[in-house]
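Okay, so here's the structure we're looking at.
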Amino acid sequence: MSWKNHRLNPDLQCLQREIEIYASSYGLDFFPTIFEVLDYDEITEVAALGGFPMRYPHWRFGMEFDQFTKGYQYGLQKIYEMVINNNPCYAYLLRSNPLVDQKLVMAHVYAHNDFFKNNCYFTHTNRNMIDQMAKNANRIKEIIETEGENAVESFIDCCLSLENLIDIHSDVIQRGSIDDFELDKAGDEISSPGRLPSKAYLDPFVNPPELLKSEFDYIKQKQNRPKRFPEQPERDVLLFLLNNAPLRRWQHDILEIIRDEACYFAPQGQTKIINEGWASYWHSIIMTRHCLDSSELVDYAERHSGAMANAEGQLNPYKLGIELFRDIEMRWNLGQFGKSWEECNDREKLSDWDQYLGLGQKKIFEVRRIHNDITFIDEFLTPEFCHRHKLFSFGLNDESGTYEVESREFPQIKQRLLFSLTNFGQPIIHVSDGNYLNRGELYLTHRTIGSLGLRFDYARIALENLNRIWQRPVHIETMDGETPTLLSFNGSEHTETILADVSIKAKPQKIYRREG
Amino acid sequence: MARHIENDLNRFRLIVRGKVRSELRKYITEEDMIGRQAGEYIAIPIPRIEIPTFRFGSRNSGGVGSGTGDHIAQGPDPNGAGRAGDAPGSHIMEVEMALEELADLFGDELKLPRIQPKGAEKLLEMKDKYNSIRNTGPAGLRNFPKTYRQALKRQLATGEYQPSDPRIVPIREDLRYRSWTSLPSPRSAAVIIYLMDVSGSMTDEHKAILRQQAFWIDLWIKRHYKEIDRRFIIHDALAREVDESLFFQIRESGGTRISSGYRIISDIISQNYPETEWNIYIMQFSDGDNWGEDNPVCIEILRDQILPVVNQFSYVQAQTSYSSGEFQKLLKSTFENNNRLVMSEITTRDDIERSIHEILGHGQ
Chain Z
3 MSWKNHRLNP
13 DLQCLQREIE
23 IYASSYGLDF
33 FPTIFEVLDY
43 DEITEVAALG
53 GFPMRYPHWR
63 FGMEFDQFTK
73 GYQYGLQKIY
83 EMVINNNPCY
93 AYLLRSNPLV
103 DQKLVMAHVY
113 AHNDFFKNNC
123 YFTHTNRNMI
133 DQMAKNANRI
143 KEIIETEGEN
153 AVESFIDCCL
163 SLENLIDIHS
173 DVIQRGSIDD
183 FELDKAGDEI
193 SSPGRLPSKA
203 YLDPFVNPPE
213 LLKSEFDYIK
223 QKQNRPKRFP
233 EQPERDVLLF
243 LLNNAPLRRW
253 QHDILEIIRD
263 EACYFAPQGQ
273 TKIINEGWAS
283 YWHSIIMTRH
293 CLDSSELVDY
303 AERHSGAMAN
313 AEGQLNPYKL
323 GIELFRDIEM
333 RWNLGQFGKS
343 WEECNDREKL
353 SDWDQYLGLG
363 QKKIFEVRRI
373 HNDITFIDEF
383 LTPEFCHRHK
393 LFSFGLNDES
403 GTYEVESREF
413 PQIKQRLLFS
423 LTNFGQPIIH
433 VSDGNYLNRG
443 ELYLTHRTIG
453 SLGLRFDYAR
463 IALENLNRIW
473 QRPVHIETMD
483 GETPTLLSFN
493 GSEHTETILA
503 DVSIKAKPQK
513 IYRREG
Chain D
-14 MARHIENDLN
-4 RFRLIVRGKV
6 RSELRKYITE
16 EDMIGRQAGE
26 YIAIPIPRIE
36 IPTFRFGSRN
46 SGGVGSGTGD
56 HIAQGPDPNG
66 AGRAGDAPGS
76 HIMEVEMALE
86 ELADLFGDEL
96 KLPRIQPKGA
106 EKLLEMKDKY
116 NSIRNTGPAG
126 LRNFPKTYRQ
136 ALKRQLATGE
146 YQPSDPRIVP
156 IREDLRYRSW
166 TSLPSPRSAA
176 VIIYLMDVSG
186 SMTDEHKAIL
196 RQQAFWIDLW
206 IKRHYKEIDR
216 RFIIHDALAR
226 EVDESLFFQI
236 RESGGTRISS
246 GYRIISDIIS
256 QNYPETEWNI
266 YIMQFSDGDN
276 WGEDNPVCIE
286 ILRDQILPVV
296 NQFSYVQAQT
306 SYSSGEFQKL
316 LKSTFENNNR
326 LVMSEITTRD
336 DIERSIHEIL
346 GHGQ
């Protein structure tokens, strides 16, 4: 492998310089970019490792590799572009691709690169992740040397089962700082609670001393009661575990690595539509205005429309993204935004609306800086856009078990779309009590939206893994249809409790034996 | 770039085969590697291990699509959950392919020799295969994508193409049609007769193994013949013909008299499948126990009536802890030099590949 040349050949080097100049001429601002030319088996390997040349040993990379390889052998899929958020930015070209594809990929990559550098959600990502991943890999290999492959691998699996319990905003904001709680302390001094004004000779009757004492004791007791732990529900469950679970040194290291890597990938998951839209928008401009040789036109058109195609009924993030950017550019060029536009009801006026503002370019650069998928859709998806692109929302019909069209109305479409993007479509789970029942048990709460609960069979296994890390009984509160339900696992037995009335301590309704 | 992905891949395969970390096995999706589907197509599911996480149930799931809404894509995960990363196309997929292609892949993988049908030289017919493109032809064979591309090219070249009104009108020169070449192919038919011992000692696991094996053998033989018949016979002390589903399910007990099965085979062949017109394959599955006095009868029928007419007689012996396997020894000693008789032993699922190779490795 190592004897092969992964550098660009002179033709491609010229091409890179050329495209770089076009890209910066439009104001794209990127990290230095290093392209590597790889054969299919090499690019497959890198893709299986999430884009990184060095990862720790784990079977799931082999699984991805197997799938990419088979997909390629059967002619079903091909990896076109891969780019890593890193400084310098690494991107890969497939050696066997024709020149027109290489141009397209390069143009696409520069826009991704610009997005990584400038989008605010990437500000806190590690720009030296290639090295970090390699360090993580070495650390885990070291651990394997001492702890053995099976022990390490099964602990990694255990952590991966909880991988989605991170706070995707943890790098950007600090939740529940200590200061919030200082306010309570002002009322610490207890004077004489509940004392009523009275004349001196009536005082022992109006304010009986025993009663005052008992009230005083009650308040004192309440103040001395241990603080909640954590004081506020903790969104970053993995961080909570890192700080509080009884982990051994090597386990702590592994969990930390898994969390760090999950946090690094999180912004990419948050910006799929907008990032791909941005890259597609720019490759389209750079290709059609500058790079394309006339002989390549048809091939380019085929490739581009292939990438943008909506498979029957599906929504392609590339397509949605690029069309939204074009829509924004058009609207801000014509001035189709703001109060006067929204309040205008005159159809004729609306159709000819043009204020000659020409703000389109400026606006889309602003959008790429401050938005993620959710805010992007929330802000810029319009009813006209939905109508023009024939969008619809669909849902699962519980009776027939098939997906059916629900609606073509704007609010429903937007709601579905936003929901599927919220927290990457993952449930939002907090640690609400790390000392549940004062027995050191861990109580998680799934913040449900409507009646959308967790998948129970998976949740039980994830609880088992959580129990392995926490080493005390663990609970998670979620919804079973309309009923709030508590799933618990105490190390050997699963229980399921209906929380019909939270104040009454309900008895477990069903008991499941742990499998295997 | 060190090629350490191979280690990960091997590890994954070990897990899938249940050699290590057997607790993960229950998360493997698509465990049944092969499944027959309606029509000609078959899905080759790719095994995946999914680590369970806290995730939404299917209730009230849905999403947004575009288009007419006649087909709603059932994405791998309608909740839109996806691993982060910028590598496109990392989703679960099902490979759809025709049985013929699958058979070829399978043959390549195991380096199986092509079967030489009996009488292939004599019975030839010309078969049309649609594998090329030409400029003339009937409207029914018009190839739309090629025609469209040709028209698009011409209009771009002549400047007729208007981006504002992208209308592509093919003229006569643009039209492209699918075309065929005639290839000689053997006109031949084959029959596969399955014979299984159902006398108590065959376990369900063995039957599952045999069913998988039978599927592949079927597939391979089918690849080489235009017409194929399959017959199923079970036997304990008595034999009878059954249909396919019963064949793999039934479980009886009692003594074992292999000759009863051979008799029926011999009858079926002589009544329905004259050897001059049919390629005959026999697959016998047994645990190797037979009633001692029955053995000479078996040998006689096999030698005089069955072996002379068949292409191949395959004897597969399932090794169980309490079977003697004597019948195989008997066959081995009696028909040592008869290359129409092929024998193979099977103990676990891991033996399937080797066993198939032993059975089909002769190309007869």
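Going down the list, the sequences are from chains Z and D.
So for the first sequence, the working numbering puts the first residue at 3; every next one is plus one.
So for the second sequence, the working numbering puts the first residue at -14; every next one is plus one.
We put the beta carbon where it would ideally sit given N, CA and C, even for glycine.
N- and C-terminal bounds of the beta strand (DSSP E) containing residue i
| i | result |
| --- | --- |
| Z:H477 | V476 to D482 |
| D:H342 | From DSSP, D:H342 is part of no beta strand (DSSP E) but of the alpha helix (DSSP H) over I337 to L345. |
| Z:H496 | E495 to I500 |
| Z:N437 | I431 to Y438 |
| Z:V407 | Y405 to S409 |
| D:S329 | L326 to I331 |
| D:V176 | A174 to D182 |
| Z:L2 | Residue 2 of chain Z is absent from the structure shown; chain Z starts at 3 and stops at 518. |
Cβ of residue i within 8 Å of any chain Z Cβ
| i | result |
| --- | --- |
| D:G47 | yes |
| D:K131 | no |
| D:F41 | yes |
| D:P37 | yes |
| D:T241 | no |
| D:S318 | no |
| D:V154 | no |
| D:E25 | The pLDDT assigned to D:E25 is 42, lower than 50, so where the model puts this residue is not dependable; a value taken from the coordinates is nonetheless given after this. No, D:E25 lies away from the interface with chain Z (no Cβ there is under 8 Å from its Cβ). |
| D:G144 | no |
| D:S51 | yes |
| D:N128 | no |
| D:D(-7) | yes |
| D:L204 | no |
| D:F91 | no |
| D:L160 | no |
Rounded Cβ spacing between residue i and residue j (contact assumed at less than 8 Å)
| i | j | result |
| --- | --- | --- |
| Z:E38 | Z:H60 | Not confirmed; about 23 Å, so no contact. |
| D:F(-3) | Z:G64 | 4 Å |
| Z:G436 | Z:N246 | 6 Å |
| Z:S395 | Z:I379 | That pair is no contact at about 13 Å. |
| Z:N89 | Z:R129 | 4 Å |
| D:G47 | Z:G455 | Actually they do not touch by this definition, with Cβ atoms about 15 Å apart. |
Min CB distance residue i to chain D below 8 Å
| i | result |
| --- | --- |
| Z:Q428 | yes |
| Z:L456 | yes |
| Z:R418 | yes |
| Z:A25 | no |
| Z:S286 | no |
| Z:E155 | yes |
| Z:N152 | yes |
| Z:K119 | no |
| Z:E184 | For Z:E184, the pLDDT reaches just 44, beneath the cut-off of 50, and the residue's location in the model is therefore unreliable, although a value from the coordinates is still provided. Taking Cβ atoms only, chain D never reaches closer than 8 Å to Z:E184, which makes this a no. |
| Z:P486 | no |
| Z:H391 | yes |
| Z:I30 | In the sequence under discussion, the amino acid at residue 30 of chain Z is Leu, which differs from the Ile named in the question. Output row for Z:L30: interface = no. |
| Z:A461 | yes |
Limits of the alpha helix (DSSP H) - the one that residue i falls within
| i | result |
| --- | --- |
| Z:M56 | Counting along the chain, Z:M56 falls outside any alpha helix (DSSP H), and DSSP gives it neither H nor E. |
| Z:A268 | R251 to Q272 |
| Z:A303 | L299 to M310 |
| Z:I324 | P319 to L336 |
| Z:L468 | F458 to W472 |
| Z:T12 | Rather than Thr, the amino acid found at residue 12 of chain Z in this sequence is Pro. Looking at the DSSP string, the run of the alpha helix (DSSP H) that includes Z:P12 is P12 to S27. |
| Z:A139 | M131 to E149 |
| Z:E368 | G362 to I372 |
Closer than 7 Å at the beta carbon, the chain B residues around residue i
| i | result |
| --- | --- |
| Z:A464 | The structure shown has no chain B; the protein chains it does contain are Z and D. |
> the region 251 to 272 of chain D: which residues have C-beta closer than 9 Å to a C-beta of chain Z, in chain order?
Replying inline: none
>> Which runs of the alpha helix (DSSP H) at least 4 residues long sit entirely within the region 191 to 276 of chain D? Give them in chain order.
In response: 229 to 234 and 243 to 257
>> So if I threshold CB-CB distances at 9 Å, which residues from the region 49 to 62 of chain Z count as touching chain D?
In response: A49, A50, L51, G52, G53, P55, M56, R57, P59, H60, W61 and R62
> Going along the region 270 to 297 of chain Z in order, which residues come within less than 7 Å of chain D, judged by CB to CB distance?
Replying inline: Q270 and G271
>> Tell me which residues of the region 281 to 308 of chain D have at least one Cβ-Cβ distance to chain Z shorter than 7 Å, keeping chain order.
In response: none
>> By the 9 Å beta-carbon criterion, what residues does the region 246 to 264 of chain Z contribute toward chain D?
In response: A264
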